[in-house]
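**Q**
Chains as they are written, first to last, in the working numbering: chain A, 2 to 503; chain B, 416 to 547; chain C, 620 to 1045.
1) Using the three-state DSSP reduction, which class does residue 835(C) fall into: helix, strand or coil?
2) Please classify residue 498(A) as buried or exposed, where buried requires at least 16 other C-beta atoms within 10 Å of its C-beta.
3) Rank 126(A), 80(A) and 320(A) by C-alpha distance to the C-alpha of residue 379(A) and give the top, closest one.
4) According to a CB-to-CB cut-off of less than 9 Å, which residues of the region 486-499 of chain B neighbour chain A?
5) Can you find the residues in the same chain that come closer than 7 Å, C-beta to C-beta, to residue 867(C), ignoring five residues on each side of it along the sequence?
6) Run down chain B in chain order and give the residues with a C-beta less than 9 Å from the C-beta of residue 687(C).
7) Would you mind telling me which residues of chain C sit closer than 7 Å to residue 422(B), beta carbon to beta carbon, in chain order?
8) Using a Cβ cut-off of 7 Å, which residues of the region 455-472 of chain B contact any Cβ in chain C, in chain order?
9) In angstroms with no decimal places, state the Cα-to-Cα distance between residue 68(A) and residue 720(C).
10) Among residues of its own chain, excluding the 5 on either side of residue 545(B), which ones have a beta-carbon nearer than 7 Å to its beta-carbon?
11) Please report how far the alpha carbon of residue 158(A) lies from the alpha carbon of residue 172(A), in whole angstroms.
12) Beta carbons nearer than 9 Å to chain C: which residues of the region 381-396 of chain A have them?
13) What's the call for residue 382(A), buried or exposed, on a 16-neighbour Cβ count within 10 Å?
14) Can you give me the start and stop residues for the beta strand (DSSP E) that residue 257(A) sits inside?
15) What residue ranges within the region 646-713 of chain C form continuous beta strand (DSSP E) runs of no fewer than 3 residues, ordered along the chain?
16) Residue 197(A) by DSSP, collapsed to three states: which one?
17) For residue 478(B) and chain C, any beta-carbon pair shorter than 8 Å?
18) Can you name the residues of chain A whose CB is closer than 7 Å to the CB of residue 536(B)?
19) Starting from residue 469(A), find everything on chain C with Cβ-Cβ shorter than 7 Å and list it in chain order.
20) With distances taken Cα to Cα, identify the nearest neighbour of residue 263(A) among 62(A), 238(A) and 350(A).
21) Output the boundary residues of the beta strand (DSSP E) element that contains residue 982(C).
22) Use the C-beta contact count for residue 135(A): other C-beta atoms within 10 angstroms, 16 or more gives buried, fewer gives exposed.
23) Helix, strand or coil for residue 498(B)? Go by DSSP, reduced to three states.
24) Quick one: grab the DSSP three-state call for residue 847(C).
25) Over the uninterrupted beta strand (DSSP E) stretch that includes residue 913(C), give me the two end residues.
26) Compare the Cα-Cα distances from residue 876(C) to each of 1031(C), 632(C), 634(C) and 737(C) and report the closest residue.
27) For residue 491(A), decide whether its Cβ has a neighbour in chain B, counting only Cβ atoms nearer than 8 Å.
28) In angstroms, rounded to a whole number, what distance separates the CA positions of residue 820(C) and residue 292(A)?
29) Check this for me: beta carbons of residue 364(A) and residue 167(A), under 8 Å apart or not?
30) In whole angstroms, give me the CA-to-CA distance for residue 155(A) and residue 21(A).
31) Taking contact to mean 3 or more Cβ pairs, one atom from each stretch, closer than 8 Å, check whether the region 60-79 of chain A and the region 345-362 of chain A are in contact.
32) Is residue 664(C) close to chain B? Criterion is C-beta to C-beta, closer than 8 Å.
33) So, do the region 355-364 of chain A and the region 91-109 of chain A have three or more beta carbon pairs nearer to each other than 8 Å?
34) With a 10 Å radius around its C-beta and 16 neighbouring C-beta atoms as the bar for buried, classify residue 764(C) as buried or exposed.
35) Does residue 502(B) get closer than 8 Å to chain A when you measure Cβ to Cβ?
36) Looking at chain A, is there any beta carbon in it that lies within less than 8 Å of the beta carbon of residue 897(C)?
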């Protein structure tokens, strides 16, 4: 196949770029090796839109975060993604901490943030009554917010597809074809794509992609573990609470999620494998103990989930790598997008779009970046039953249009059959239990799918018209069921007939 | 001489009994707290029997399986053999609770009976068909 | 759709069924039973094993047969039933909001409500087992649903965590259907399930039961590949160096049931932190007058028979409540769990009932003990009544009868304690 631009990587960065580029009259293809978008770092992070005072104002991290921050209200309204601008507090206990907070404030102001404030005493505890009483100071950043990072990624992808981009899932890069110092093709597991421009947004694997054009930065996965508590604890804090940051990371935070759970984490340690998402006993303990320093009365039961995410840390690097490769023409790196990557996504996409214009001018002048006149900014409304609990009479109208909305499948998160079927037929379709979970929240509640997963599985099987035996948790290899009942005993029964069993 | 330990299930005490036997004949039973234990130990030792509850595949029903059980307990050693035979059975809906699904399961003389009702699937809907 | 009923029962499992029938038999006229699944019976239809009805019917029935006894009666009585209907909210003034595809939104005004929602299973996440998140991890009940109702085998080589009844039953079920259960692990030094199940589900099939063990890590990226297990000490802490690996493709978790009280909490009813269910009086009435609870939603039961018994209590008293015919004691008697008692239901006794002779108290002990007495002690420390018990264990719910005569007017509290057999105090 032939396309104008290929974006490697279906995380929040790749999809944000796809959406941005789909404004232009371009043939865009996003390829993702997993069976859904948002399967990498984009589903295992804190979901924070940072105000932007952390990173040095001279870096891309600093500039792009601050540039993006104000864009999230409109973006999330348009894409129907939950986002709450609840503000953040970096909490300090000592005079030394106070000085660090002052530095952060100063850097933030250099970054262009005008409403940072250092607060103490009564004001602090009025904002956060459950804060450790030994806390003394905090840097208050009203611009920070919480978001669902995978819902954002999926929505960006859906919108890109609506606007003409192609998203190819389960499509993995095998080789990059180069001719005369210029990218000319991309060999994938599904065949060859003729291409002149590749945007490398491959997250943890961006170094392996870039190696194909002779770049040698290395990405080391840095793991962070998280814990999520039941929604009854979402009100324990009103803002995102951070400890004083260190060189390594922003530290273990305590925050409500946009769906009212309580989130704590992440810790930060190197791991060997880029798919090592295991949680550990030590990590669970470390996150809990550290989070307690901010909120002493953390719940010790009602743990709904724990999970881990990997950051694509560039060895020896400390800023985003967003630039056209100097080694080979037509290759744009968007790598090392660690925190505040999610927060910077809109501005990163714009920056990449500018780089693309330059690159195109040099090597592909026919590729004019002309705006479409029918770009659709928004996604259609996605009515969710759980949003209607306080105006429940309005849900009746929705049931009348489609009775599937009257059947509740996931009791814990109150998700209707209509929402699940809709998710299966979205522009970037959900085909697995986890993909449904990310789009509808079915299976994310207290019982973690104990009640609803057999039902969700059956709905997937009926809608996709495939055997329930082929439904997976997260793509090929993770099929939920082994055989139909009676098939297995027929297999083993034959052996047992002659064996003496007690 | 043989010695076998048997835990009684007649009541929650769960007495641990020891059965001593020679060439298959019971010589002594010790460890029981009441006469029910003796009865149970005798049975368990000489010919342990079990009720077999399982499912059988249904054709044309509202559900793909009907729950069943053996009407009486059958020898413990035949359970898996019975399961293999049951795996080959298919029964047509409608099914009534108590209905004999199979006479004389693997030659034991014991019947396999349905333990629930299964209605026929709606004619204008696909029967609960498991897609291959 | 707006509806009005005298009695609305939420949950069509054994508790709800018994409550509905008993209420109808006692003269309650407008009864609505709401059930979220397609069929009545609750969890009973997937419990295809026998052991039900030994107390209630004096017969050894399978779960479906036990359910059928009640469902057949329900169909012969004047009780309105709505299946595939999910209750999403209850208000303190007894309005129920529910949903189904045919009626759409239902706003039901009830004069009395029975909570009979049962329970959910504790998850892998809730007990924070470290490791990856592959396919192949199921709670035992979900696996049971797949095998017995949906018609699929969820795994071939299985490790089961938890020797409660469900775990042991599933060990047998999976083995009978051709899977290989490599081990059942139990973190405690004793099984929390019935002895009968240990014998007939594990011993019969040579499935190893390993006490003082737990799973410390799950491995496998797409599908479970193996688990690391380890021994624990008496404080349930892992003993380093005792780790072993067991390769498997499936993990079944039978690590506890949690009464499903989200609706209860949302309406503001206080829960007992030990039972996980609402705090109730002897009528199984919660702190909101006219809202009752019975079955697993109130306390996790071992036997469906006792669930039906409790449903009957509620069915009977619902009529009295609706008639306004109840006399309260001048002060409530608080029932306090004492030595080696985890909890007692009911938590307080509120009513004066002239022809009542005794009240059944249900409880669970914290640790197993043999040759003990269960003592009922008044607020002055005097043992009012004492009951001999051969063996008590957390896995088997206990009950004693509290004679009405002991409920003197000025009695403020009654402590239930486990004491040694020989120490009979008068």
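In this text, a Cβ means the ideal position worked out from N, Cα and C, and glycines have one as well. Please read all numbers here as calculations on a predicted model, not as lab measurements.
**A** In brief:
1) strand
2) Here residue 498(A) scores only 43 on pLDDT, less than 50, and its place in the model is too uncertain to base an answer on.
3) It is 80(A).
4) Listed in chain order, the positions of the region 486-499 of chain B with a beta carbon within less than 9 Å of a beta carbon of chain A are 491, 492, 494, 495, 496, 498 and 499.
5) So the qualifying residues of the chain are 776, 777, 778, 801, 843, 845 and 846.
6) 512, 530, 531 and 532
7) 814 and 818
8) If you check each beta-carbon in the region 455-472 of chain B against every beta-carbon of chain C, the ones closer than 7 Å belong to 465, 466, 468, 469 and 470.
9) 47 Å
10) Unreliable positioning characterises residue 545(B) in this predicted model, as indicated by a pLDDT of 41, which lies under 50. The coordinate reading is nonetheless provided below. Correct list, in chain order: 479.
11) The alpha-carbon separation between residue 158(A) and residue 172(A) amounts to approximately 15 Å.
12) 386, 390, 393, 394 and 396
13) exposed
14) 254-257
15) 650-653, 669-671, 699-701 and 705-709
16) Note: residue 197(A) maps to coil in three-state DSSP.
17) yes
18) Here the premise fails: no neighbours, minimum Cβ distance about 15 Å.
19) 771
20) 238(A)
21) 977-984
22) exposed
23) helix
24) Here residue 847(C) sits in strand by DSSP.
25) Counting along the chain, residue 913(C) falls outside any beta strand (DSSP E), and DSSP gives it neither H nor E.
26) 737(C)
27) yes
28) Residue 820(C) and residue 292(A): Cα-Cα distance of roughly 44 Å.
29) No, the Cβ-Cβ distance between residue 364(A) and residue 167(A) is not below 8 Å.
30) The alpha-carbon atoms of residue 155(A) and residue 21(A) are separated by roughly 14 Å.
31) yes
32) It does: the Cβ of residue 664(C) has a partner Cβ on chain B nearer than 8 Å.
33) The region 355-364 of chain A is not in contact with the region 91-109 of chain A.
34) Sixteen is the threshold: when 16 or more other Cβ atoms of the shown chains lie within 10 Å of the Cβ of residue 764(C), as they do, the residue is buried.
35) yes
36) With a threshold of 8 Å between beta carbons, residue 897(C) makes no contact with chain A.
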